[in-house]
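Q: If you read the sequence shown in my numbering, its first letter stands for residue 4, the second for the next number, and so on. For each residue, glycine too, the CB sits at the ideal point set by N, CA and C.
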Amino acid sequence: MQQAARDAKLEKGREDARESEREALERATQERILANEEAEKIAKEKAKSELRTKRLRDETEAQATRVREDPPAIGAIIKSVRDADQLLCDGYRYRREKTRYNYEIRQRAKQSHDSPRTIISDARMNVSAEAAALIPQYTTTQRAIERTRKENDVARPTPTTFADIVLPDELKVNSRG
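So this is what it looks like as structure tokens:
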């Protein structure tokens with residue numbers, strides 16, 4: 004009888020082991036199925052995004068290749084919407100008088116020690132009434148003069164601090180050497 008009880012226990016243990024092995028196999032199979040489904044979803048999403056990207060690229064290329072006017076030559080004079088002459092250079096548009104005004108201001112700022120007010124008023128005298136509305140404001144031009152002088156180390160006409168006073172090396176020598 005003890006033998007039969009042992010055999011029954013042994014048989015039951017084997018059945019439990021088989022059952023747990025079957026359950027583990029089922030779980031592993033289900034996990035593989037879920038992993039495959041997730042991988043398929045990811046692959047589908049990736050394919051969709053690649054397709055969208057390709058469509059966008061094709062659309063932008065199509066828009067770029069649509070009827071396109073050849074740009075005028077570099078440095079060409081063109082007419083604006085209001086029938087004013089403009090210079091087209093490297094993709095930028097320049098009004099002739101405004102560009103000349105800015106050039107004069109910067110050149111005078113580099114070369115002279117005149118006050119910004121004098122430089123601006125002299126430059127404005129040479130601008131026509133039509134282009135006067137397009138030139139920069141006084142404060143903007145004044146800052147441009149200050150920046151130009153700062154970049155080129157041009158001394159200010161009247162120093163405001165002791166640090167602004169520039170003394171030549173010959174005058175910096177004292178009695179001690």
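Can you give me the C-alpha to C-alpha distance between Val130 and Ile122, rounded to a whole angstrom?
A: Against the sequence shown, residue 130 aligns to sequence position 127. Against the sequence shown, residue 122 aligns to sequence position 119. Answer to the nearest angstrom: the Cα atoms are 13 Å apart.
Q: Along the beta strand (DSSP E) that carries Gln89, what are the first and last residues, could you check?
A: Position 86 of the sequence shown, counted from the first residue, corresponds to residue 89. Unbroken beta strand (DSSP E) run through Gln89: Asp88 to Cys92.
Q: Going by the beta-carbon positions, is the gap between Arg98 and Ala134 smaller than 8 Å?
A: Here residue 98 refers to the residue found at position 95 when the sequence shown is read from its first residue. Here residue 134 refers to the residue found at position 131 when the sequence shown is read from its first residue. Yes, these two residues count as a Cβ contact at 8 Å.
Q: Could you check what DSSP says for Ser52 in three-state terms: helix, strand or coil?
A: Residue numbering aside, residue 52 sits at position 49 when the sequence shown is read from its first letter. Reduced to three states, the DSSP call for Ser52 is helix.
Q: Taking the alpha helix (DSSP H) that Arg120 belongs to, which residues open and close that run?
A: The residue given as residue 120 occupies position 117 in the sequence shown. Element bounds for Arg120: Pro119 to Met128.
Q: With DSSP collapsed to three states, give me the class of Arg152.
A: Looking up residue 152 in the sequence shown gives position 149. Three-state DSSP puts Arg152 in a helix.
Q: Considering only residues of the same chain and omitting the five flanking positions on each side of Pro119, which have a CB-CB separation below 6 Å?
A: Position 116 of the sequence shown, counted from the first residue, corresponds to residue 119. Excluding sequence neighbours, Pro119 sits near Gln145 and Ile148.
Q: Between which two residues does the alpha helix (DSSP H) carrying Asn196 extend?
A: Lying outside 4 to 180, the shown extent of the chain, residue 196 is not represented and no answer is given.
Q: Go to Ala134, then tell me how far its alpha helix (DSSP H) extends in each direction, as first and last residue.
A: Within the sequence shown, the letter at position 131 stands for residue 134. Ala132 to Ala135 is the span of the alpha helix (DSSP H), which, as asked, contains Ala134.
Q: Hey, Ala112 and Arg152: beta-carbon distance below 8 Å or not?
A: In the sequence shown, counting from the first residue as 1, residue 112 sits at position 109. In the sequence shown, counting from the first residue as 1, residue 152 sits at position 149. Contact: yes.
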